[in-house]
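Sequence order for the protein chains is A and B. 1 is the number of the first residue of the first sequence in this note's numbering; add one for each residue after it. 1 is the number of the first residue of the second sequence in this note's numbering; add one for each residue after it. Beta carbons are placed, not taken as given, at the ideal position from N, Cα and C, and that holds for glycine. In this text, all values refer to a predicted model and were calculated from it rather than measured experimentally. Reading through the structure tokens given below for one structure.
Protein chains: 2
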Amino acid sequence: MIMATDVLIEQLLRVPEHSGMSTIATLHALLDDSTIEASAAPKSVAEAAQLVGLTAHTLRYYEQEGLVRPARNSSGYREYSAFDLRRLVFLTRMRVSGMTMHDLKRYIALVEQGDPTISERRTIMLEQRERIRRQLRGLELALETTEYKIHVYGGAPDGS
Amino acid sequence: MIMATDVLIEQLLRVPEHSGMSTIATLHALLDDSTIEASAAPKSVAEAAQLVGLTAHTLRYYEQEGLVRPARNSSGYREYSAFDLRRLVFLTRMRVSGMTMHDLKRYIALVEQGDPTISERRTIMLEQRERIRRQLRGLELALETTEYKIHVYGGAPDGS
DNA sequence: GCTTGCCTTCGAGCGCGCTCGAATCCGTAG
DNA sequence: CTACGGATTCGAGCGCGCTCGAAGGCAAGC
């Protein structure tokens, strides 16, 4: 939960409203690695950073940690493809939901090893789902508590 | 999101099921500083830590930061009253929902200054509510993403 | 009286996830 | 030709929230 996180959440939240697609189709377009090249031109590190709500520094750090492998142009500049961007969206969502860099690196390493690791990846995602659900319960409790305080401190001129 | 957090969430989650009270009444009993002394005997630092899902070290740290002020017995040992315990529950919930130590210290400082600071505290809680709501949205997106992956990785022997 | 175990204070250390700055290189505009 | 913005690598540093260990005190059991 670092500074970047707030920006990140803001950015990622506005993703779903870009078309008349169903939720599942949107997710597919956003996340499935086989639906590549929807938008042709690759992005520079700064553009990619902006799109995904991180800094260029952080994107380079993620690469260093093996989480993404953008191509390079003839000058050695990074070029983020749609594939890379989808990967970044996935990474940021997992980070937002509290998956550690350690676990994320492990997961991505499995992804890069291909099909034989699918069942292991599935296990990781099942655990991740449990973590998220626990967090949701914790957050809802915190929300109740916060609303209780607001109530005690005198009504709610904002919100019902 | 440190090690303690997981334990902490586990502990705090089981609080609501202890009686036939309504949600609001439960919250009141758990959080309102005027409903003191439901359970008489004060707790030692280790007991308090266990109850709230933190370590004794962390409780001492919180005290050092001015977040709680447990009384001391004749030997200088800490004695956590029901008041203190409720305070701790509040603190942990705020921490779970991502409020920083910095903000929490500020908030508690206001609490200790009494009534004149109520409107300021209310503002803080309104902001806190917004932060929690943003986090909830982010988490829900992460949950969808995770479930999408689970789906892609082949059905859900666990959960529908 | 001694051991055991939990309490005390204090200050240093740590793991995480960035974050930043220095030094250098590329590419376009004037 | 020069200047400038943005790219590169590298390694060091940082803020947060604990976390730990040393050195010693208190209280109950044998």
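* Asked: With 16 other CB atoms within 10 Å as the buried threshold, where does Glu147 (chain A) fall?
  -> buried
* **Distance, Thr55 (chain B) Cα to Tyr61 (chain B) Cα** => 10 Å
* Asked: Which stretch, first to last residue, makes up the alpha helix (DSSP H) that contains Arg69 (chain B)?
  -> First-last for Arg69 (chain B): undefined, no H or E at that position.
* **Collapsed DSSP secondary structure at Tyr77 (chain B) in the structure displayed** => coil
* To do: Tell me, please, whether the CB atom of Ile108 (chain A) is closer than 9 Å to any CB atom in chain B?
  => no
* In the DSSP assignment, what are the bridge partners of Lys43 (chain B)? -> B:Tyr80
* Asked: chain B beta carbons: is any one of them nearer than 9 Å to that of Arg122 (chain A)?
  -> yes
* To do: Within its chain, find whatever has a CB closer than 8 Å to the CB of Ser97 (chain B); leave out the 5 residues flanking it on each side and keep chain order.
  => Gln128, Arg131, Ile132, Gln135
* Expressed to the nearest angstrom, what Euclidean distance is found between the alpha-carbon atoms of Lys149 (chain B) and Met94 (chain A)? -> 12 Å
* To do: Spatial neighbours of His151 (chain B) within its chain, please: CB distance less than 6 Å, with the 5 preceding and 5 following residues excluded, ordered by chain position.
  => none
* How far does the alpha helix (DSSP H) with Leu136 (chain B) in it reach, from first residue to last? -> 118–152
* Leaving out the 5 sequence neighbours to the left and right, which residues in its chain are closer than 6 Å to Leu104 (chain A) when beta-carbon positions are compared? -> Met94
* Leaving out the 5 sequence neighbours to the left and right, which residues in its chain are closer than 7 Å to Glu65 (chain B) when beta-carbon positions are compared? -> Met101, Lys105
* Asked: Near Glu79 (chain B), what residues of its chain come up, given a Cβ to Cβ distance below 8 Å and the 5 sequence neighbours on each side ignored?
  -> Pro42, Lys43, Ser44, Pro70, Ala71, Arg72, Asn73
* Leaving out the 5 sequence neighbours to the left and right, which residues in its chain are closer than 8 Å to Ala46 (chain A) when beta-carbon positions are compared? -> Ala56
* **Range covered by the alpha helix (DSSP H) that runs through Met101 (chain A)** => 101–113
* **Nearest-angstrom Cα separation, counted from Leu91 (chain B) out to Arg137 (chain B)** => 23 Å
* For Lys149 (chain B), go through chain A and note every residue whose CB falls closer than 7 Å to its CB, in chain order. => Met125
* Asked: To which residues of the same chain is Ile124 (chain B) closer than 8 Å at the C-beta, ignoring the five residues directly before and after it?
  -> Asp103, Arg106, Tyr107, Leu110
* Asked: Are the C-beta of Met94 (chain B) and some C-beta of chain A separated by less than 9 Å?
  -> yes
* **Leu88 (chain A) beta carbon less than 9 Å from that of Leu51 (chain A)** => yes
* **Buried or exposed (CB count within 10 angstroms, at least 16 for buried), Gly53 (chain A)** => buried
* Asked: Listed in chain order, which residues of the segment 70–92 of chain B have Cβ atoms closer than 7 Å to some Cβ of chain A?
  -> Phe90
* Is it buried or exposed for Asp115 (chain B), if we count other Cβ within 10 angstroms and need 16 for buried? -> exposed
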